[in-house]
Structure formats: structure tokens, C-alpha cells
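Undergrad:
Protein chains: 2
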Amino acid sequence: MAGDKDDEIEIPAGRPTINDIARMAEVSKKTVSRVLNKSPFVSADTRAKVEEIIGRTGYSPDPQARGLAFRRSFLVGIIFDNPNPQYVVNMQQGILDGLRGSGYELVIHPCDRRSRSYLTDVRHFVERQKLYGVVMPPSISEDEQLARLLEELKCSYIRIASVPLDRPERMIVSHDRRGGEAAARHLIELGHRRIGFISGPSTFRSSHERRAGLEDGLAAAGLSLSPDHIAEGAYTFDSGVACGTALLSRAERPTAVFCANDEMAAGLLQAARRAGLRVPQDLSVVGFDDFQVATQVWPTLTTLHTPTRDIGRLAALKLFALSDEAEEPEIDEESLVMRLVVRESTGPAPT
Amino acid sequence: MAGDKDDEIEIPAGRPTINDIARMAEVSKKTVSRVLNKSPFVSADTRAKVEEIIGRTGYSPDPQARGLAFRRSFLVGIIFDNPNPQYVVNMQQGILDGLRGSGYELVIHPCDRRSRSYLTDVRHFVERQKLYGVVMPPSISEDEQLARLLEELKCSYIRIASVPLDRPERMIVSHDRRGGEAAARHLIELGHRRIGFISGPSTFRSSHERRAGLEDGLAAAGLSLSPDHIAEGAYTFDSGVACGTALLSRAERPTAVFCANDEMAAGLLQAARRAGLRVPQDLSVVGFDDFQVATQVWPTLTTLHTPTRDIGRLAALKLFALSDEAEEPEIDEESLVMRLVVRESTGPAPT
DNA sequence: ACAGTAGTGGAAACCGGTGTCATATGCAAA
DNA sequence: TTTGCATATGACACCGGTTTCCACTACTGT
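Here the protein sequences line up with chains A and V, keeping their order. Here the first sequence is numbered in our numbering, starting from 111 and rising by one per residue. Here the second sequence is numbered in our numbering, starting from 111 and rising by one per residue.
So, in C-alpha cells, the structure goes:
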């Protein structure tokens with residue numbers, strides 16, 4: 111028993127490791143590991159002692175070493191191709207909300223679905239980093255090839271889309287269709303009968319759903335969407351200008367137009383101004399998203415508020431639920447409802 | 111020598127490890143490691159053989175194991191508190207441009223400087239992940255406490271700001287002042303003499319610099335900025351409306367106003383409309399940033415284009431240069447110049 | 001009193017890389 | 001021929017965790 115004068119508990123110099131904690135608590139590192147991983151086979155006394163020391167030293171296990179042993183990382187990825195900066199930032203914030211306090215971090219991976227190497231890039235990204243999971247917002251979420259790739263790589267994922275695409279535990283379905291219906295009801299209540307629609311790109315389901323909702327609402331009032339009053343845009347401001355110009359030059363132009371997003375609605379306002387139409391006296395406009403642009407144009411846009419950040423948070427929580435690390439979060443469906451925000455761009459139909 | 115029938119080269123089942131490569135190349139794992147790390151002490155033959163096998167198997171080393179041995183990670187962080195989504199997304203894209211092909215990934219960490227735990231949060235983030243480096247755009251880049259914290263944690267960082275803050279190798283200085291001067295020259299050439307300014311929050315250096323540039327330009331023409339024609343905004347649309355309303359109600363109102371960003375310029379347009387002023391006939395407006403909003407308002411904004419994405423790319427490259435992993439990138443100063451984009455919101459001064 | 005069993009803790013191997021150090025080889029100089 | 005040095009390679013420990021396996025308690029039931 112030489113050198114047992116040194117059984118004083120020393121605080122190590124740098125960041126403590128599991129060995130330091132074990133030494134200070136006078137247990138084996140395995141026992142510390144059991145405490146860290148909440149194993150039931152640790153006596154209350156031992157657990158308390160170890161936890162006290164962990165708290166006092168501020169120890170937290172090294173994610174790399176942990177990950178190496180677990181054969182996975184503590185990183186969550188977001189793979190996206192959505193062109194709207196505000197959508198992206200809100201979604202990132204939401205995911206981080208859900209990750210907070212878990213020790214997981216968020217790694218971003220924007221991509222271009224048209225790129226030849228897109229799937230290979232994603233494969234390298236997920237495989238190399240051994241991601242814990244990924245979140246995919248639209249429209250990348252609708253890519254079945256990508257979903258199959260992640261399946262093959264055994265990487266958990268959550269898809270956010272406006273229609274159910276696969277197993278519900280891996281999906282968050284946004285209520286775009288009901289949003290479109292709310293827009294329709296609002297315009298119909300204001301007396302509009304000739305209601306037009308500017309869609310997003312045909313590759314976006316959200317645009318289809320928003321249109322389907324509009325048609326639901328119209329049908330309920332005995333109305334329908336005339337092919338003459340539909341234009342296909344690209345979710346961009348410029349496409350909104352172009353589609354708006356086209357719609358407003360129709361012989362029987364609509365008295366109200368529902369746009370599949372705010373950017374295009376802003377473009378439509380521009381087109382209306384150029385055509386000498388006053389909004390909302392001559393033309394009512396409804397947007398979708400309730401992003402900043404909705405309050406920065408004139409007149410301000412009546413639009414549907416999308417709870418992007420809430421959806422992001424939910425996505426992170428669902429990811430944890432997938433691997434039994436947490437309970438399936440109670441989905442507060444009400445918080446995901448898209449609410450109509452009435453501003454200046456809608457008014458009674460011209461007589 | 112029992113079992114030497116098995117010296118056939120087998121392709122391993124899952125992802126290959128360094129051991130698999132070593133076995134297939136009939137060298138030690140250490141030699142493979144040397145090839146990976148470009149050690150000069152490997153013969154050309156051996157190197158070629160190992161590289162051939164690496165290429166054929168698609169092997170790439172595990173960043174976690176590598177990081178564990180190196181005592182650092184292959185993650186770059188971006189710490190930001192900038193409220194503009196488009197700035198954030200452009201910056202992220204730029205950093206990713208610079209990281210592409212390097213094997214590094216980008217981890218995001220938005221934060222709120224007013225939060226009590228902000229510095230602690232950053233410390234945990236950087237320390238736990240053992241980040242290779244971080245990029246800090248304004249205004250978080252101006253926080254000296256944060257810089258000292260990173261110094262203490264021995265974490266490389268690049269600060270992006272409109273004035274030099276510390277050692278140049280850790281800074282990217284944006285040319286906000288010259289941008290402000292260009293705005294001034296433009297307005298002066300159009301005949302404006304009473305030129306106003308809407309600033310950002312006083313905590314943003316960029317706003318000071320943009321104003322200083324404006325004053326440079328005015329001084330060169332023998333003009334100056336009247337205190338009556340200055341209002342302090344908050345870089346937000348609403349503050350632009352408020353400041354605009356204030357400035358336009360002055361007895362001698364300015365005939366042109368330079369806004370420290372586009373959002374506020376959009377707000378000013380709104381205020382002008384409410385005040386019954388036509389832009390640009392009665393009032394010229396110059397913004398700053400050239401973000402999407404600049405082309406989505408009416409009239410479209412004359413503004414200064416900021417090369418956010420290029421700056422982000424440069425930041426990533428500089429990070430590598432800090433640790434001799436790469437040459438100091440040749441800073442193409444010309445690509446960082448902020449160019450005036452003339453659109454509809456500026457015109458000759460009213461006579 | 002004597003096994004049988006569940007609860008608890010430790011030693012050693014392992015995850016996939018890198019660092020240190022020793023050794024083997026080739027070639028020029030003594 | 002021997003020495004000396006630089007280059008090329010490998011053995012082994014190590015980074016900081018987890019898992020496997022085993023030993024040692026302290027209870028039970030008979």
C-alpha cells in the first residue's frame with residue numbers, strides 16, 4: 111500500500127474526464143457510466159455521490175468519445191432546399207428549441223435537388239457524421255428516393271409535408287388544405303364570387319393542398335375555380351408579378367386572388383398597381399405564410415399564419431420519440447392550425 | 111503460419127475502417143494514417159497502393175475517432191444574433207461554400223446577447239463540441255467578452271465587422287463606410303442637398319460606419335448632416351416607419367434619406383406614402399443590403415449590395431488559414447466592395 | 001447451515017483513429 | 001568494411017467513453 115497518502119481528492123486541471131469523476135467518487139468508471147446512462151443497477155447512495163461530483167465539477171461527457179462507442183453521433187441534421195430565408199431560419203430556430211438541453215447540436219445541409227450529386231452528397235453527409243437523425247422540410251421532404259436512402263443508412267428522419275407520405279411517426283403533416291379553405295371562406299364572406307388562384311411550382315405539394323383547400327371552400331358555397339383564373343407561379347416575387355399581370359388582363363378578371371405564398375402575393379400587389387387597380391377596393395389579395403414581407407408591403411397582406419417554428423420544435427421532439435429516448439410528444443394540433451390574419455389587402459367585393 | 115490460405119483480400123461488410131484498408135493494402139494502420147494525413151514519410155509506392163484502395167472502397171475516416179485522437183472536432187460553428195433571416199441564410203451558405211470538400215460541417219448557434227446565460231451557453235457549445243473554429247457575424251462579432259472567451263477556450267474564430275477589432279488575420283472588415291459614401295455621392299449627383307439618415311441601433315457598428323461614409327460624402331461636397339435630419343431606428347421595418355414619419359414631419363424635411371438597411375428603407379416608403387409624398391419625385395430613398403425586400407417594395411429600392419455570401423466563404427477560408435491548413439486566401443478586395451444598385455426609389459432633387 | 005439468486009462493482013476489450021518510439025532499410029561518408 | 005544518417009514502417013499506448021464478462025456481496029428459501 112505504498113503511496114496511499116495520496117488518496118486526497120484532487121480536482122483535475124483541464125476538463126474532467128469520466129476517469130477523474132470515478133476517482134473522485136471512489137468508484138469505477140463503469141459505475142459513472144451507469145449513472146450517466148441512467149442504468150437502474152446503481153444504488154441510490156452511489157448515484158447520489160456520483161451526481162454530486164458531476165454537478166460540482168461541471169463534468170459533461172465528451173460527445174465524440176461517447177459517439178465513437180455508441181457508433182453514432184449526437185448531431186441532428188436539417189436537409190433543405192426551401193428558397194425562403196425566413197422559412198429556413200424559423201425552422202432552424204424551432205428545431206433548436208426542441209433540441210435545447212438535450213446535448214444535441216444542429217448541422218445544416220442545404221442542397222439542390224437538381225444537382226447531379228445531390229443524393230451522393232447527402233449520403234456522405236449522413237454516413238460520415240453518423241447523424242442521429244435528420245429533419246426534412248418541404249420540398250425535399252417529398253423526395254421518396256431521399257427517404258429510402260435514409261432508411262438504408264438507418265438514419266431516423268422526420269418529414270414535414272402537407273400530406274401524409276409514410277408512417278405517421280415519421281411525419282408532421284401541416285394543415286395547408288385547411289388554410290386554403292379558411293382563405294376561401296374569408297373571401298366568400300366578403301362577397302367575392304370570382305376568385306382566382308396563383309399556385310406555387312407544381313412540384314410543391316403545399317401548393318396543391320392550398321389550392322385544394324380553396325376549392326373545398328368554394329365548393330361549400332356552390333362556387334368553383336375557373337381555369338381562366340388560375341396561374342402557375344414559382345413561389346417567387348417575380349412569378350407573382352407575372353402571374354398577376356396575366357390574371358388581371360383576363361376579360362372577366364377575378365375580384366379576389368388567393369396566392370399560395372406571400373412573396374407571390376407581394377408580386378400580385380405590384381401587378382395590380384401597374385394595372386391601375388386599387389387593393390382592396392378593386393381587388394382583394396390573400397397570401398400564405400405570414401412572413402415579414404406580409405407587413406412590409408402596401409397594403410399589408412391578409413394571409414395565413416404558418417407555425418413554422420412550432421413545427422420545427424415538434425420535429426425535434428418526434429425524432430427523440432422515434433428511438434424511445436422520449437415519449438411521443440403530445441401533438442397540440444391546435445398549435446399547428448394555420449390562422450387567418452386579416453390585414454389591409456382584403457375588402458368587400460366591388461359591386 | 112497457420113491459416114494463411116486466408117490472405118485473400120476481402121471487402122468488409124459495413125463501412126470500411128482504417129484497419130480494413132491497412133489489411134487490404136498489407137500495411138499497418140499507422141501507415142494508412144500517414145497517407146491520410148499527408149505525412150512525407152511514406153514511399154511513393156506505398157502511398158499509391160493505399161490511395162488506390164481508399165479510392166476503390168470509398169473509405170473516409172471517421173470524424174469522431176479522428177477528433178477524439180486530435181482532441182478537437184471537425185465542426186465549425188456560426189454564432190449569430192443577427193435578426194435578418196436573409197443575412198443569416200446568405201452567411202450560412204457562404205460559410206458552407208468555403209467548407210465544401212474539406213470534410214468540415216457547420217453547426218449553428220443563434221443566441222440572444224441580452225440573455226443572462228448567453229456566454230455560458232456559448233462556452234458549453236464550444237467546449238463540449240471542441241469546435242475547430244467559429245465565425246461571428248455582426249453584431250455578436252463586436253462583443254469583446256465573447257472574443258476573450260474563445261481565446262481562453264483556444265478556439266479559432268473569425269469576426270466579421272465593419273471596423274478592425276483585433277488582429278487582422280482574425281477579422282474580415284466589410285466596407286460599410288465606403289458604401290455609405292457611395293450613397294452620398296449618388297444623391298449629391300442627383301442634386302440633393304438636404305439629405306437625411308435613419309440609423310440602425312447604436313449597438314451596431316455597421317450603422318455608425320454607414321453614417322460615417324455618408325458624412326464623408328457630404329463633406330466632400332461641402333455639405334453636412336443636420337441633427338434634425340437624423341433618426342435612430344432599430345434595423346426593423348416598423349422602426350423605419352416611425353423614423354420616417356418623424357423625419358418627414360420636420361419643418362425643413364430632407365429631399366432624400368439614406369437608410370442604414372433595406373428594411374427601414376421599406377418602412378420609410380410606407381411613411382412617405384402615408385404622408386402623401388411620391389417617391390422618387392418628392393423624396394429619394396437609398397437602402398442598404400440589397401436583400402429581397404429591395405425589389406419587392408414599390409418603388410423598388412436603390413440600395414447598396416452587400417456581398418454577404420462572399421464574406422462567409424472568405425471567413426471559412428480564413429479559418430483554415432489560421433491553423434496553417436491552408437494558405438491565407440487572397441482577399442479579392444474588389445469582390446467585397448459594396449456596389450450601388452440604382453432602382454426606382456431615387457431621382458433628381460425636387461426643384 | 002447451505003445453496004441459489006438478484007443486485008452491484010471492477011477489469012479488460014473495444015469503438016476508429018493518432019502519437020511516441022523503436023526498428024529496418026538504403027545509401028553516402030569515414 | 002564499418003559507421004552514420006535519413007527515410008520508411010510497424011508495435012503499442014492512448015484519446016474518453018461503453019460493453020462484455022466475471023466476481024463479489026447480501027438476501028432469500030429449504
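Heads up, the beta-carbon is just placed ideally off N, CA and C, and yes, glycines get one too. On a predicted model such as this, the values are computed, not experimentally measured, just so you know.
Touching or not, the segment 276 to 286 of chain A and the segment 297 to 305 of chain A, by the rule of three or more beta carbon pairs under 8 angstroms?
TA: Cβ pair count under 8 angstroms is below three, so no.
Undergrad: Measure the alpha-carbon distance for P417/A versus I218/A and round it to whole angstroms.
TA: Computed Cα separation, rounded: 21 angstroms.
Undergrad: I want to verify the contact list: residues of chain A whose CB lies under 8 angstroms from the CB of G204/V, in sequence order.
TA: What G204/V touches in chain A: nothing, since even the nearest Cβ is about 11 angstroms away.
Undergrad: Does the beta-carbon distance from R320/V to G290/V come in below 7 angstroms?
TA: Result yes, Cβ atoms of R320/V and G290/V sit closer than 7 angstroms.
Undergrad: Could you pull out every unbroken beta strand (DSSP E) segment of at least 3 residues lying fully inside the segment 404 to 451 of chain V, listed in chain order?
TA: For the segment 404 to 451 of chain V, whole beta strand (DSSP E) runs of length 3 or above, ordered along the chain, are 413 to 415, 449 to 451.
Undergrad: Can you give the beta carbon distance from L335/A to E325/A, rounded, assuming they're within the 8 angstroms contact cut?
TA: 5 angstroms between Cβ atoms; contact.
Undergrad: List the residues of chain A that G354/V touches, going by C-beta distances under 8 angstroms, in chain order.
TA: Within 8 angstroms Cβ-Cβ: nothing; G354/V doesn't reach chain A, min ~13 angstroms.
Undergrad: Taking contact to mean 3 or more Cβ pairs, one atom from each stretch, closer than 8 angstroms, check whether the segment 401 to 416 of chain A and the segment 367 to 387 of chain A are in contact.
TA: Yes: at least three Cβ pairs fall under 8 angstroms.
Undergrad: Would you say E454/A lies against chain V (beta-carbon separation less than 7 angstroms)?
TA: E454/A does not count as touching chain V.
Undergrad: Find the nearest neighbour of S433/V within the set E299/V, W408/V, K264/V, Q380/V, judged by alpha-carbon distance.
TA: It is K264/V whose Cα lies nearest to the Cα of S433/V.
Undergrad: Residues of chain A with CB closer than 9 angstroms to the CB of T413/V, please, in chain order.
TA: Simply none; closest approach about 14 angstroms.
Undergrad: From I421/A to M201/A, what does the alpha carbon distance come to, in whole angstroms?
TA: Approximately 7 angstroms, taken between the alpha carbons.
Undergrad: Can a CB atom of chain V be found closer than 7 angstroms to the CB of Q89/A?
TA: Outside the shown range of chain A, which is 111 to 461, sits residue 89/A, and nothing can be said about it.
Undergrad: Touch check for the segment 226 to 243 of chain A and the segment 256 to 272 of chain A: three-plus C-beta pairs under 8 angstroms?
TA: The segment 226 to 243 of chain A is in contact with the segment 256 to 272 of chain A.
Undergrad: Candidates P126/V, A179/V, T141/V, V152/V: which alpha carbon is nearest T167/V's?
TA: It is P126/V.
Undergrad: What residue ranges within the segment 258 to 318 of chain V form continuous beta strand (DSSP E) runs of no fewer than 3 residues, ordered along the chain?
TA: If we require 3 residues or more, the beta strand (DSSP E) runs fully inside the segment 258 to 318 of chain V come out as 266 to 271, 281 to 283, 305 to 309.
Undergrad: Report the option in P195/A, R258/A, I131/A, R144/A whose CA atom is closest to the CA atom of T346/A.
TA: Among P195/A, R258/A, I131/A, R144/A, the Cα nearest to that of T346/A is on P195/A.
Undergrad: Looking at the C-beta of R238/A, does it have a partner C-beta in chain V at a distance below 7 angstroms?
TA: Yes, R238/A lies at the interface with chain V (some Cβ there is under 7 angstroms from its Cβ).
Undergrad: Would you identify the three-state DSSP class for E454/V, choosing helix, strand or coil?
TA: Three-state DSSP puts E454/V in coil, outside helix and strand.
Undergrad: Going by DSSP, name the residue or residues bridged to C369/A.
TA: DSSP, once it has assigned bridges, lists I308/A as partnering C369/A.
Undergrad: Look at the Cβ atom of P390/A, then the Cβ atom of T456/A, and state whether they are nearer than 7 angstroms.
TA: A contact, by the Cβ cut-off of 7 angstroms.
Undergrad: Kindly list, in the order they appear in chain V, the residues whose Cβ is closer than 8 angstroms to that of F347/A.
TA: Under the 8 angstroms cutoff, chain V gives Q402, T405, Q406.
Undergrad: Around the C-beta of T354/A, are 16 or more other C-beta atoms found within 10 angstroms, so that it is buried, or is it exposed?
TA: The displayed chain sequence assigns Gly, not Thr, to residue 354/A. G354/A is buried by the Cβ-count criterion.
Undergrad: Can you list, in chain order, the residues of its chain whose CB lies under 7 angstroms from that of A331/A, leaving out five sequence neighbours each side?
TA: Excluding sequence neighbours, A331/A sits near I298.
Undergrad: What residues from chain V crowd round V199/A, counting only those whose CB sits closer than 8 angstroms?
TA: By Cβ distance, chain V contributes P195, V198, V199.
Undergrad: Using CA coordinates, which residue listed in D191/V, W408/V, A425/V is at the minimum distance from A382/A?
TA: Among D191/V, W408/V, A425/V, the Cα nearest to that of A382/A belongs to W408/V.
Undergrad: Can you pull the DSSP bridge partners for D172/V?
TA: For D172/V, which the question treats as bridged, DSSP gives no partner whatsoever.
Undergrad: Could you pull the DSSP bridge partners for D399/V from this structure?
TA: H415/V, per the DSSP bridge assignment.
Undergrad: Measuring alpha carbon to alpha carbon, tell me which residue in D207/V, A293/V, R388/V is nearest D372/V.
TA: Checked all of D207/V, A293/V, R388/V; the closest Cα to D372/V is A293/V.
Undergrad: Kindly say whether Q380/V, judged by its beta-carbon, lies nearer than 7 angstroms to any beta-carbon of chain A.
TA: Cβ-Cβ to chain A under 7 angstroms: yes for Q380/V.
Undergrad: How would you call V145/A, buried or exposed, if buried means at least 16 neighbouring beta carbons within 10 angstroms?
TA: Classification for V145/A: buried.
Undergrad: For G422/A, which residues in chain V fall below 9 angstroms Cβ to Cβ?
TA: The premise fails here: G422/A is roughly 12 angstroms from chain V at the closest Cβ pair, so nothing lies under 9 angstroms.
Undergrad: Between the C-alpha atoms of E254/A and P337/A, what's the straight-line distance to the nearest angstrom?
TA: Cα to Cα, E254/A sits roughly 30 angstroms from P337/A.
Undergrad: Please return the same chain residues whose Cβ sits closer than 8 angstroms to the Cβ of K115/A, not counting the five positions on each side in sequence.
TA: Legend: pLDDT at K115/A = 37, less than 50; position of this residue unreliable, value from coordinates given subsequently. Closer than 8 angstroms at the Cβ level, and outside the excluded window around K115/A, lies no residue.
Undergrad: Determine which residues share a DSSP beta bridge with S394/V and list them.
TA: The partner list for S394/V (beta bridge, DSSP) reads A366/V.
Undergrad: Is A135/A near K159/A, with beta carbons less than 7 angstroms apart?
TA: Yes, the pair counts as a contact, with Cβ atoms nearer than the cut-off.
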